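Going by the numbering used here, the first residue of the sequence shown is number 252, and it counts up by one from there. Glycine included, every Cβ here is placed at the ideal spot set by N, Cα and C. Predicted model only: the values in this text are computed from it and were never measured. Notes follow once the structure below has been shown.
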Amino acid sequence: MAVAVTLVRMKIAILRHSTTGQRGGMMASGGVLGLLLAAGTIYLAFQEGDWLAAAYAGWMLGWIIGPVFSGGGDETLRPEFFALLGLPARRLAAGLLVSAFVGVAPVISLVALAGLVFAAAPGNVLVAVPAMVLQLAIFVLLSKVAVGLLGIALRSRVGAVGAGLVNGAVLAFLGQAWVFAVAFGQGGRIPSFVRYLPSGWGLLAVQGDYLALLAMAVLIVLLLAAWAALLAGRTGASRPSTRGRRPMRAATAQEAVVAKELRTWSRDLVRTHQLTFALAYGVFFAGAPLALGWTGMLPWAAPVFIVMAAAMTANLYGIDGTALWLTLMTPGASDMRGRQRAWLVTVGPVAVLLAVAFTLVADGPWPLILASVAALLGGAAGLVPLISVYALVPGTDPQRRGGNPLRTSEDDGALTGLAYLTMLLVALSGAPAVVAALLYGWWGVAAGLATGALCYWGLGLLAERRLAAQGPELLHMMRTGRRPEGGGRSVKLPDLPKPQRTIVMTCLSLGAIPLFPQGIVAAAFLANGRVRMSWFLATYMPPGLRWPTAALMILIGLTMYGVGLWIPYRAKKRAKPVDGPAEARPAGTPSARTDPAVYD
């Protein structure tokens, strides 16, 4: 008990001193969105059927899959911190479990679980309190065990591939949950087996099945024992053997970069997991409507894979850590074009194979798919390195990654924002080719090749110039986690006035709803003659208003993203430089570019 109390006090102290600035703003905004979801979950407690059980299944999957996108979940207190104290693994696991209840996510989940109080049978209201606590403990422990198992999986190539497949499939299921609800439900109702998942045991308990409480307690004990065993094995990620590798041969400097990058893509298990995840997500997301007998979305597996692969690899230079010094110390060297070629060689063949195979199965639309794939490949190959040098997030050097291989950076919020920004920009790079294909058919393929080549060359050139001009500053930021002094003042989200900050967070958080499901997906349904589909507004409109509604939704989504990006950009333009121009700086003042001591 003393260990648990101490760990709780430690976590509270850390959170009290770290939830300021940008991190505090993002945590507050995430908390508001979480409370809205929790309120929606409680509302389902008043609906007939198993909607509440389905919602809790979604919360459970969120706890399991969420850490994949947040660097392994909440590790404010890491097990490695207590390695020298000699605590038994079970005592440490129990203490960390208690401390895991301290935070925004557990509190929001507990609020959502308050729906058990309203769903309880008469006379069972008091049962809801222990059911809520036990259900939350199951969510937290499932998340911890999932992260621990994934960390073990990422220590082997087979495990990294398997973990990527599972995680991609689960996230695709969450994104297409409506498909399975319609396919396996009767009359729009949730299938009854959902309530018998571990996420529904609390609901069973408050409705009179008291054995569910015992089942939850037993499951918690088993999960706690599994987590204790996983904690005992956190000694760091093993490195794959390089025996039997062919020697690297290259005739030019760019070929050497390509060879180095291709070996990195195949040997770095984190990158292997990221690409496998993107592939699995694209295939399962586009293949989910097959449960309804609809093949129209299947060809879009290739574009979805490209966009997701770009989002997962957007921090291309940050994930390599301080290896950039090798490039900076080689006169005249620039590895930008080599990285672009390696990215295309890694992603391109798989995307083309998916596009051809699945378009054959669905019997079209050939011009639309080929145009989008050509444009997206070129756009992603240009945007990924460009974003990685303009919005670099300092990462952990690969040789210093700890027992949680998913944690490649300490700034999880910035990585998540970078992924969403990349998805949006890459999708926009393919928009002109898609419009041309819709209007002019096969001419859209030519437009896709042209825009892809232009993005590859032009954006790559901008990234190359940025790297040449700001290379020392980027290395300094990767080593220290701070931007070097002497540049312009960067405007972070919490620096904005509260009304503007609210507008930005609302636009960036909710812009995907009108853009993708209510706009793009609804347009795909209309193009295939499917109406009155689930919650897609355009499919319920009169014939003359269906396409205008879908177009309006797309416009609203793009406008929301535009406003969310424009407000911080305008504030940054208005901000004055910290140091002013170089000639105004006092003589002898060191700069990041001229003073080697900056890097010491």
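DSSP places P793 in the coil class of the three-state scheme, outside both helix and strand. With respect to the 7 Å criterion, F352 and L343 are not classified as neighbours on the basis of their beta carbons. Shortest Cα-Cα distance from P330 to any of G399, A306, G282, A296 involves G399. Taken in chain order, the complete alpha helix (DSSP H) segments of 4 or more residues contained in the region 331–407 are 340–351, 355–363, 366–370, 379–404. Judged by beta-carbon spacing, L666 lies beyond the 7 Å limit of H524, meaning their Cβ atoms are not closer than that value. In the DSSP assignment, S443 falls outside any alpha helix (DSSP H), carrying neither H nor E. Rounded to the nearest angstrom, the Cβ distance from L669 to T597 is 19 Å, too far for a contact under 8 Å. In the DSSP assignment, L543 falls outside any alpha helix (DSSP H) and carries neither an H nor an E. Within the model, the alpha-carbon separation for I293 versus W310 is close to 12 Å. The Cβ neighbour count for I316, taken over all protein chains shown within 10 Å, is at least 16; the residue is labelled buried. A check of alpha carbon separations from D571 across L549, A602, E512, L605 identifies E512 as the nearest. Measuring C-alpha to C-alpha distances from V358 to each of V378, M383, V368 identifies M383 as the nearest. DSSP, reduced to helix, strand and coil, places P645 outside both helices and strands of the structure shown, so it counts as coil. For S517, the enclosing alpha helix (DSSP H) stretches over residues 504–518. In the three-state reduction of the DSSP assignment, Q427 falls in the coil class. Apart from the 5 residues on each side of it in sequence, W478 sits with its Cβ closer than 7 Å to the Cβ of A344, L392, K395, V396, G399 in its chain, given in chain order.
For W551, there is no enclosing alpha helix (DSSP H), as DSSP gives it neither H nor E. Within the same chain, Cβ atoms closer than 8 Å to the Cβ of M729 are found at Y568, G569, G572, T573, L575, L643, P645, G646, the five residues on either side in sequence being excluded. A residue is called buried when at least 16 other Cβ atoms come within 10 angstroms of its Cβ; V417 meets this threshold and is buried.
About 5 Å separates the beta carbons of V509 and A593, which is inside the 8 Å limit, making them a contact pair. E299 sits exposed, since fewer than 16 C-beta atoms from the chains shown fall within 10 Å of its C-beta.
With a cut-off of 8 Å on Cβ pairs, the region 711–719 is in contact with the region 634–641, counting three or more such pairs. S443 sits exposed, since fewer than 16 C-beta atoms from the chains shown fall within 10 Å of its C-beta. Judged by beta-carbon spacing, L361 lies within the 7 Å limit of L387, meaning their Cβ atoms are closer than that value.
Rounded to whole angstroms, the separation of the alpha carbons of A411 and A476 is 24 Å. Going by beta carbons, Q751 and M804 fall outside the 7 Å limit. Ranking P794, Q458, I389 by CA distance to the CA of G313 puts I389 first. Assignment of alpha helix (DSSP H) within the region 552–605, counting only whole runs of 4 or more residues, yields 552–563, 575–579 in chain order. Under the criterion of beta carbons closer than 8 Å, S623 and G699 qualify as touching, at roughly 7 Å. Rounded to the nearest angstrom, the gap between the Cα atoms of L605 and I441 is 32 Å. As for any alpha helix (DSSP H) of minimum length 4 sitting wholly inside the region 756–815, the runs are 763–766, 773–778, ordered along the chain. The Cβ atoms of R797 and L777 sit closer than 7 Å to each other. Taking a contact as a CB-CB distance under 8 Å, the pair C758 and V814 counts as one, their CB atoms being some 5 Å apart. If the five residues before and after Q721 are omitted, its C-beta is found closer than 8 Å to the C-beta atoms of V640, all from its own chain and listed in chain order. Rounded to whole angstroms, the separation of the alpha carbons of A501 and A763 is 44 Å. For T327, the closest of G538, K262, G413, P600 by C-alpha to C-alpha distance is K262.
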